[in-house]
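Numbering of the sequence shown is given in full-length UniProt numbering, commencing with residue 1 and proceeding in unit increments.
As structure tokens, the structure follows; a few thoughts come after it.
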Amino acid sequence: MPQQPRKSKLITQPVTGICELVGFSAPALGGGHGWLQGQYGLMADQVLSARLLLPSGELVTVSERSYPDLFWAIRGAGHNFGLVMEWEYRVYDDIAPLWSYEIFIYSGDKLEALYEEANRLLRDQPAELVHWGYIIKVAEIDPDHPVLWFGIIYNGSPEIANQYAKPFHDIGPLSVQTGQGSLHDLAVVTFQDADGPGCAYGMTSLRYPIGLKSYNVTAVRQVYNEIDSTFRKVPEIAGSFFLLEGYSTQAVKAIDAASTAFPHRDDNILVTSYVMYAPDSNIDPKAKAFGEKLRKYLLDGSDDPAHLRAYVNYADGDESLQAIYGWETWRLEKLKKLKAQWDPKNTMRYYVPIEQNIN
Numbered sequence: 001m002p003q004q005p006r007k008s009k010l011i012t013q014p015v016t017g018i019c020e021l022v023g024f025s026a027p028a029l030g031g032g033h034g035w036l037q038g039q040y041g042l043m044a045d046q047v048l049s050a051r052l053l054l055p056s057g058e059l060v061t062v063s064e065r066s067y068p069d070l071f072w073a074i075r076g077a078g079h080n081f082g083l084v085m086e087w088e089y090r091v092y093d094d095i096a097p098l099w100s101y102e103i104f105i106y107s108g109d110k111l112e113a114l115y116e117e118a119n120r121l122l123r124d125q126p127a128e129l130v131h132w133g134y135i136i137k138v139a140e141i142d143p144d145h146p147v148l149w150f151g152i153i154y155n156g157s158p159e160i161a162n163q164y165a166k167p168f169h170d171i172g173p174l175s176v177q178t179g180q181g182s183l184h185d186l187a188v189v190t191f192q193d194a195d196g197p198g199c200a201y202g203m204t205s206l207r208y209p210i211g212l213k214s215y216n217v218t219a220v221r222q223v224y225n226e227i228d229s230t231f232r233k234v235p236e237i238a239g240s241f242f243l244l245e246g247y248s249t250q251a252v253k254a255i256d257a258a259s260t261a262f263p264h265r266d267d268n269i270l271v272t273s274y275v276m277y278a279p280d281s282n283i284d285p286k287a288k289a290f291g292e293k294l295r296k297y298l299l300d301g302s303d304d305p306a307h308l309r310a311y312v313n314y315a316d317g318d319e320s321l322q323a324i325y326g327w328e329t330w331r332l333e334k335l336k337k338l339k340a341q342w343d344p345k346n347t348m349r350y351y352v353p354i355e356q357n358i359n
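Below, the structure written as structure tokens:
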């Protein structure tokens, strides 16, 4: 089970998301992946109660004991049900403030060796460790082809981080960067800070997420080759990148999957493209086709090609409701029943709404 919060005079830390710009409530309402999830669970798993402003204008407190069905719903599909005015949220003693990392840059020909090793890491990845990857164009390193950026990020000493990183040294990186810092430094290290490429203002940004159990190396190679060729054919989108998030999942999977609306607890990896370009209606269809094609490679090579699993906070909006809110029939039925009860006019319908009709 996830560790329980304790009263202490030590410095405390909350479980938060990755990106600096998205705030707190938005990721929590959709589940909320983050650096600490292997140790404590998702952001949604830390919620004890919430003051929820319903579409009717009524303000209610939702918790395990008060409006429990709404409490279930806001932890994974919360943006469909109202506005959270206040959270009661677990925080934890910061018993291990040091984070250590090793960042590797590889040329594209190392892809198979890299992600075969990443699959081996997944089998025994400790709760304190995250691996993080990009397929991205860095002209200063390789002006012609995308490179592979891969990070081993460990909540602990650099010596232990190096034990997990050592096999990745043997693959033959172009460069290695090591460092230590606090939890707050990780956004900069992984380009998820306010100045990172994914947070650029004024850009069209499309995402096509998919949850995976492991890396199908053949499919990842197809993704790389497609990125490489498309960046040359459509240079307007060459600032895009492909993100592979390898969080630890021990505490996420320790939570009863039926206890919240978040449906994807069995996934080990979260992957998405960031198709980014200056707004241009002529590029829109090319960008959309590109993102969809990358995701299809991974879906076709996944453990269950018939059932896409798409993280709601990354969703493009063209996914099925089952892909976003869960393929178990009871999940969507429960959400729709609650929607009819608490938002019959479908007021909260801006983002991947449970009900598609507009009244």
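Note that the Cβ used here is the ideal one computed from N, Cα and C, for glycine as well.
As the structure is a prediction and not an experimental result, all values here were calculated from the model.
Inter-residue Cα distance where the pair is residue i and residue j
i	j	result
Lys7	Val91	Legend: pLDDT at Lys7 = 49, less than 50; position of this residue unreliable, value from coordinates given subsequently. Answer to the nearest angstrom: the Cα atoms are 9 Å apart.
Glu140	Gly31	37 Å
Asp142	Tyr89	45 Å
Lys293	Glu355	27 Å
Gly198	Asp69	35 Å
Ile11	Ala238	43 Å
Ala258	Ala77	13 Å
residue 440	Gln39	Not covered by the structure: residue 440. The range shown for the chain is 1 to 359.
Thr347	Leu83	11 Å
Ala340	Gly57	16 Å
Met276	Leu21	17 Å
Asp124	Ala254	16 Å
Gly179	Gln37	22 Å
Gly181	Leu332	42 Å
Ala287	Leu206	8 Å
Thr189	Pro126	Looking at the sequence itself, residue 189 is Val, so the reference to Thr does not match. Rounded to the nearest angstrom, the two C-alpha atoms are 20 Å apart.
His79	His169	43 Å
For residue i, the first and last residue of its enclosing alpha helix (DSSP H)
i	result
Leu243	Here Leu243 belongs to no alpha helix (DSSP H); instead the beta strand (DSSP E) covers Phe241 to Gly246.
Ile160	Pro158 to His169
Trp132	Counting along the chain, Trp132 falls outside any alpha helix (DSSP H), though it belongs to the beta strand (DSSP E) covering Leu129 to Ile136.
Tyr274	Note, Tyr274: premise wrong, no alpha helix (DSSP H); beta strand (DSSP E) at Ile269 to Tyr277.
Tyr325	Leu321 to Tyr325
Glu116	Leu111 to Arg123
Tyr297	Asp284 to Asp300
Tyr224	Val217 to Lys233
Glu333	Thr329 to Trp342
Val352	Segment: none, Val352 is in no alpha helix (DSSP H) and carries neither H nor E.
Lys253	Gln250 to Ala254
Enclosing beta strand (DSSP E) for residue i [first to last residue]
i	result
Gly151	Val147 to Tyr154
Val312	Segment: none, Val312 is in no beta strand (DSSP E) and carries neither H nor E.
Contacting residues, own chain, Cβ-Cβ under 7 Å from residue i (five flanking each side not counted)
i	result
Glu116	Val217
Tyr208	Thr272, Ser273, Gly291, Glu292, Leu294, Arg295 and Asp316
Ile171	Tyr106, Lys110, Ala113, Leu114 and Glu117
Ala44	Ala28, Gly31, Gly32, Arg75, Gly76, Thr260 and Phe262
Contacts around residue i, its chain only, beta-carbon distance under 6 Å, and the 5 residues preceding and following it disregarded
i	result
Ala219	Tyr297, Leu298 and Gly301
residue 360	With the chain covering only 1 through 359, there is no way to say anything about residue 360.
Leu53	Leu59, Gly82, Leu83 and Met85
Thr16	Gly34
Identity of the residues DSSP links to residue i by a beta bridge
i	result
Ser175	Ile105
Ser100	Tyr154 and Gln180
Arg207	Tyr274
Asp93	Thr12
Leu212	Ile269
Proximity test, residue i beta-carbon vs the ligand FAD heavy atom, cut-off 8 Å
i	result
Thr16	Here there are no bound small molecules, and the ligand FAD is not part of this structure.
Contact set for residue i: own chain, Cβ-Cβ below 8 Å, skip 5 residues either direction
i	result
Ser157	Leu98 and Ser100
Asp228	Gly108, His145 and Pro146
Every unbroken beta strand (DSSP E) within the UniProt domain "FAD linked oxidase N-terminal" (8-63), with a cutoff of 3 residues, ordered by chain: Those beta strand (DSSP E) runs which fall completely within the UniProt domain "FAD linked oxidase N-terminal" (8-63) and span 3+ residues are 12-14, 47-53 and 59-63.
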